[in-house]
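One structure is given below, encoded as structure tokens.
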Amino acid sequence: MNLNYVVVRLAQIVPTFFLIMVVIFVLVRLLPGDPTSAVLGIHATDEAVERINAELGLNRSIPVQFGLFFEHFLRGDLGDSIILKVPVMQLVLERLPVTLFLTAFAAMMAVILAVPMALVSAIRRDSLLDNSIRAGFQVGLSMPVFYIGIILLTFLAAKLRWFPVGGFGDSFGDNLYHLFLPALTLALSLSAVLMRNLRSSIIDVLDAEYVDFARAKGLRHRVVLGRHVLRNALISTVALFGLNIGTLFGGAVITESVFAIPGVGRLLIDSIYGRDYPVIQGLTLVLAILVCLVFLVTDLVQAWLDPRVSHS
Amino acid sequence: MTRWLRALLACALLVGMAGTAEAVTRGGTLTYARYADSLFLDPVLNDANVDIWILTNLYDTLLQPTADGKDVQPGLATEYKMSDDAMSLTLKLRSGIKFSDGSPITVNDVKWSLDRARNPKNGIWSFTLASVDSIDTQGEDTVVLKLKNPDPTLVAALATFNSAILPQKQFEATPGATDEEKAKAFAEHPIGSGAFVFDRWQRGTELVIKRNPHYWQMGEDGKPLPYLDEVRFPVIPDDATRILKLQAGEVDGAELIPYARVAELKSDPNLNMELFPSTKVQFITVNVRPTLKNGEKNVLADPKVRQALNYAIDKDALAQIVTFGIGTPLVSFMSSATPMVDNHGPIYAYDVEKAKALLKEAGVAEGTEVTSIGLAGSADETNILTTIQQSWSAVGVKLNIEQLDNATRTARYRAGDFQMRVSLWTDDIADPSEITSYFAYFPNIESLHSGWQDKSVDELFLKSQQEMDKEKRADMYKTIQQKYVDSAPIMFLYESPYPVALRKQVKGFNQIPLGNNIFSGAYVEK
Numbered sequence: 000m001n002l003n004y005v006v007v008r009l010a011q012i013v014p015t016f017f018l019i020m021v022v023i024f025v026l027v028r029l030l031p032g033d034p035t036s037a038v039l040g041i042h043a044t045d046e047a048v049e050r051i052n053a054e055l056g057l058n059r060s061i062p063v064q065f066g067l068f069f070e071h072f073l074r075g076d077l078g079d080s081i082i083l084k085v086p087v088m089q090l091v092l093e094r095l096p097v098t099l100f101l102t103a104f105a106a107m108m109a110v111i112l113a114v115p116m117a118l119v120s121a122i123r124r125d126s127l128l129d130n131s132i133r134a135g136f137q138v139g140l141s142m143p144v145f146y147i148g149i150i151l152l153t154f155l156a157a158k159l160r161w162f163p164v165g166g167f168g169d170s171f172g173d174n175l176y177h178l179f180l181p182a183l184t185l186a187l188s189l190s191a192v193l194m195r196n197l198r199s200s201i202i203d204v205l206d207a208e209y210v211d212f213a214r215a216k217g218l219r220h221r222v223v224l225g226r227h228v229l230r231n232a233l234i235s236t237v238a239l240f241g242l243n244i245g246t247l248f249g250g251a252v253i254t255e256s257v258f259a260i261p262g263v264g265r266l267l268i269d270s271i272y273g274r275d276y277p278v279i280q281g282l283t284l285v286l287a288i289l290v291c292l293v294f295l296v297t298d299l300v301q302a303w304l305d306p307r308v309s310h311s
Numbered sequence: 000m001t002r003w004l005r006a007l008l009a010c011a012l013l014v015g016m017a018g019t020a021e022a023v024t025r026g027g028t029l030t031y032a033r034y035a036d037s038l039f040l041d042p043v044l045n046d047a048n049v050d051i052w053i054l055t056n057l058y059d060t061l062l063q064p065t066a067d068g069k070d071v072q073p074g075l076a077t078e079y080k081m082s083d084d085a086m087s088l089t090l091k092l093r094s095g096i097k098f099s100d101g102s103p104i105t106v107n108d109v110k111w112s113l114d115r116a117r118n119p120k121n122g123i124w125s126f127t128l129a130s131v132d133s134i135d136t137q138g139e140d141t142v143v144l145k146l147k148n149p150d151p152t153l154v155a156a157l158a159t160f161n162s163a164i165l166p167q168k169q170f171e172a173t174p175g176a177t178d179e180e181k182a183k184a185f186a187e188h189p190i191g192s193g194a195f196v197f198d199r200w201q202r203g204t205e206l207v208i209k210r211n212p213h214y215w216q217m218g219e220d221g222k223p224l225p226y227l228d229e230v231r232f233p234v235i236p237d238d239a240t241r242i243l244k245l246q247a248g249e250v251d252g253a254e255l256i257p258y259a260r261v262a263e264l265k266s267d268p269n270l271n272m273e274l275f276p277s278t279k280v281q282f283i284t285v286n287v288r289p290t291l292k293n294g295e296k297n298v299l300a301d302p303k304v305r306q307a308l309n310y311a312i313d314k315d316a317l318a319q320i321v322t323f324g325i326g327t328p329l330v331s332f333m334s335s336a337t338p339m340v341d342n343h344g345p346i347y348a349y350d351v352e353k354a355k356a357l358l359k360e361a362g363v364a365e366g367t368e369v370t371s372i373g374l375a376g377s378a379d380e381t382n383i384l385t386t387i388q389q390s391w392s393a394v395g396v397k398l399n400i401e402q403l404d405n406a407t408r409t410a411r412y413r414a415g416d417f418q419m420r421v422s423l424w425t426d427d428i429a430d431p432s433e434i435t436s437y438f439a440y441f442p443n444i445e446s447l448h449s450g451w452q453d454k455s456v457d458e459l460f461l462k463s464q465q466e467m468d469k470e471k472r473a474d475m476y477k478t479i480q481q482k483y484v485d486s487a488p489i490m491f492l493y494e495s496p497y498p499v500a501l502r503k504q505v506k507g508f509n510q511i512p513l514g515n516n517i518f519s520g521a522y523v524e525k
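In order, the protein sequence lines correspond to chains H and D. Numbering of the first sequence is given in numbering that gives the first Met the number 0, commencing with residue 0 and proceeding in unit increments. Numbering of the second sequence is given in numbering that gives the first Met the number 0, commencing with residue 0 and proceeding in unit increments.
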């Protein structure tokens, strides 16, 4: 792979990241309402509001506030939560691993569900099996995440007691057990998107001349599928997968709240409602870094699958 | 003298009950699922109900609210006595009491804690102790509060969470330059005087409190409270999940059950669906200024229009639709559980004809439009406003609904930039003065930012704040409430209890009308 390509893609992340930082910083301050209402409640007196605003530095101009924030950021300090009164970094470190675990688990599950099903569907195109698989995934795609979550919880957890009703475990195995249902909930809609895309790519590739050629060479069916069909069909699906990781973080917000999982999703929502600026900024930055990294990895995988990408 | 007697009687009652009570179960864990986590476990600097409602388990106060929330009983102090001129209050500290780390609770801790709580720089609750001029200690067990003026609310204030007793030395030894910094650090691992002691806390996930082995209060079995070894508070924001956890037996109790689910859980043989009486009132704040912030003339400035619109709301239907029949129409602006409420049954009984006549008298044209803010995403507030929308259309008034998120609506509310907004209130102190100072006494926050002012009410309120004769004070409150209800600067909707579901095995838990969750007498039967 072209090393220059990797360096250029890495360098592109820096301005993207700075832009996100500025936009989020300004955007949260342009929203009506301020954190003082969350700190003082709705019945606070005007003097109390002014005092808190001064304490939090919110009475200064936005550029000055940004300058201070950026200076602290360079030192690795994301500030303190206005509402929870603990350092934002501490919150991120506590909550982020949970969300990462959940999204990684869900992404893995989505791939495990989507790839074999797409292969079977594409090979047995338009058969009853293909139609049933597609119909099944269609249901997964069209149901809202919170609804799937509640259904899974009601039947598999509350009624059958196969899984715990939400929460997070104490060990790796325990986490897998606790997060199985939420990860499945998240994975269902993503796997449907991936499966449909991969199925049609495989069908396209199956019709390509080089596949006929590979078969004509006498390669075994499995080798043709693995080396020639799947590898080429995966290129667009990998891009789609990468793009959807961002969406997966979004879905995690809802899933975390249905399954009572202490990840960053719920924290972000609460912070937005409470206008807890430092937490919103810190979490968005960390999530932005993660999404940028996922995009980078996606691009690299694509370049590896299809060398033309890094030369274009 | 009567108060000394009452304190003695309460003690006698406790001792008497020990002989006759059913056997209680000691030990074990109670898991109580909450909808949101606590934010800041400092009794003085906190603000939110998620803190207030569990703080008293960690920090005891000199006096405690009674189970019905209307009066006080002895706490860390065994006795209290107001001087004849009502200018000083003397309290006797219980002997042998200790903080959760085993160090003794001294009169100096009491003086320091109350001085911190009444410092106007410390948070928003200092007003409850505003009448205190200075605090003296005498000997090892006596604390004297010298007052600036007589204060009938002081005794209730000493039973309120912000008057909790903290260990001075341990607090001051906590790192931090200012009181707030120390409080932040201290609240991470607080040492308290309550029935339970802080054990561990994973923010947003779970708070765990353990039995305080040094707690003073005796249980029904004659041994010290609490019965439980541990209370766990997992945070489960989703209502459906919280209930599923309870039904699956993964938790022992769940708070804030949606009204829509109460009937279903009542019929569950494994659960006790409790509806604890509360001081929670649901109403609509009305801007009564002649002109609105956007320059438009405000039709709601006329009391007749406000009265008419109050008559035009079918409160029974509203309570039925929003609370599934669990709420009841308001009897005053304060709840029927608030002391000195002027309760003659529901006010502004539904009367369309009267409403129409009043509107006609006020010269309000058919099709007049009014607007109310509702909280976006809140099913209750949306239900309230759409129901009222229908009621008012019957009298020719069109209600526009403006849905906003909490921070935005608070900013608009504070700026007086609204015509109406749906609101909720719960008392924090077992006295009518708190709610009245916010609702009816203009100088505080312009009567809920409504701009409503009745100078005679302001004067009467100030007078009532120094009136030590209970009956005379109640009379004053009667007048205040009558004037307020008559002028109607709010739309009076309904009051509703706290819905808590518990497994059948859970006994002795109480949520008092002020909202405090009391776990000291709770136990789980085996």
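Built from N, CA and C at the ideal position, the CB exists for glycine as well. These numbers were taken from a predicted model, which means no experiment stands behind them.
Can you give the Cα-Cα distance for residue i and residue j, rounded to whole angstroms?
i, j, result
"Gln418(D)", "Ser486(D)", "16 Å"
"Ile517(D)", "Gln201(D)", "22 Å"
"Ser131(H)", "Leu54(D)", "56 Å"
"Ala155(D)", "Val261(D)", "33 Å"
"Val48(H)", "Arg195(H)", "54 Å"
"Pro64(D)", "Leu112(H)", "58 Å"
"Asn3(H)", "Ile201(H)", "31 Å"
"Phe162(H)", "Ser256(H)", "17 Å"
"Ala566(D)", "Thr425(D)", "This structure gives no information on residue 566(D), because the portion of chain D shown stretches from 0 to 525."
"Val484(D)", "Arg305(D)", "10 Å"
"Pro261(H)", "Ile383(D)", "32 Å"
Interface residues of chain D around residue i at Cβ under 7 Å?
i, result
"Leu266(H)", "Gly203"
"Ile149(H)", "Ala239"
"Asp206(H)", "Result: empty, since nearest Cβ-Cβ is about 47 Å, beyond 7 Å."
Which word fits residue i, buried or exposed, when buried means at least 16 other C-beta atoms lie within 10 angstroms of its C-beta?
i, result
"Asp45(H)", "exposed"
"Gln246(D)", "buried"
"Arg199(D)", "exposed"
"Ser94(D)", "exposed"
"Phe248(H)", "buried"
"Ala20(D)", "For Ala20(D), the predicted structure reports a pLDDT of 48, less than 50, and the residue's modelled location is therefore unreliable. The matter cannot be settled from this model."
"Thr337(D)", "buried"
Sorted by chain position, which residues of the same chain lie with C-beta nearer than 6 Å to residue i's C-beta, five sequence neighbours on each side aside?
i, result
"Val142(D)", "Leu90, Val106, Val109, Thr136"
"Glu380(D)", "Gly373, Leu374, Val421"
Identify which residue in the options has its Cα closest to the Cα of residue i.
i, options, result
"Phe24(H)", "Gln301(H), Arg274(H), Leu299(H), Val300(H)", "Arg274(H)"
"Gly172(H)", "Ile279(H), Phe104(H), Leu26(H)", "Phe104(H)"
"Thr367(D)", "Gly294(D), Leu299(D), Arg413(D)", "Leu299(D)"
"Ile96(D)", "Ser82(D), Met86(D), Asp83(D), Leu75(D)", "Leu75(D)"
"Val21(H)", "Asn52(H), Pro62(H), Leu57(H)", "Pro62(H)"
"Ala239(D)", "Gly165(H), Leu247(H), Leu83(H)", "Gly165(H)"
"Tyr31(D)", "Pro223(D), Pro233(D), Gln504(D)", "Pro233(D)"
"Ala35(D)", "Val330(D), Ser334(D), Glu263(D), Gly203(D)", "Gly203(D)"
"Pro277(H)", "Leu29(H), Ile82(H), Asn52(H)", "Ile82(H)"
"Leu461(D)", "Gly415(D), Glu494(D), Gly395(D), Thr435(D)", "Thr435(D)"
"Arg265(H)", "Leu57(H), Asn58(H), His71(H), Arg94(H)", "Arg94(H)"
Which chain D residues sit within Cβ distance under 9 Å of residue i?
i, result
"Tyr272(H)", "Asp404, Asn405, Ala406"
"Ile82(H)", "Leu38, Phe39, Ala47"
"Val344(H)", "For residue 344(H) there is no data in the structure shown, the boundaries of chain H being 0 and 311."
Does any residue of chain A bring its CB to less than 7 Å from the CB of residue i?
i, result
"Gln510(D)", "Looking at the structure shown, chain A is missing, and the protein chains on hand are H and D."
Residues of chain H with CB closer than 7 Å to the CB of residue i, please, in chain order.
i, result
"Gln246(D)", "Ala157"
"Thr240(D)", "Leu152, Val164, Gly165, Val257, Phe258, Ala259"
"Ile53(D)", "Those do not exist, as Ile53(D) stays about 16 Å from chain H at its closest Cβ, beyond 7 Å."
Whose C-beta lies closer than 7 Å to the C-beta of residue i among residues of the same chain, with five residues either side of it excluded?
i, result
"Asn309(D)", "Tyr347, Ala487, Met490, Phe491"
"Leu151(H)", "Leu180, Leu183, Thr184"
"Leu155(H)", "Trp161, Phe162, Leu180"
Mind pulling the chain D residues with CB within less than 8 Å of residue i?
i, result
"Arg94(H)", "Gly203"
"Asp173(H)", "Within 8 Å Cβ-Cβ: nothing; Asp173(H) doesn't reach chain D, min ~14 Å."
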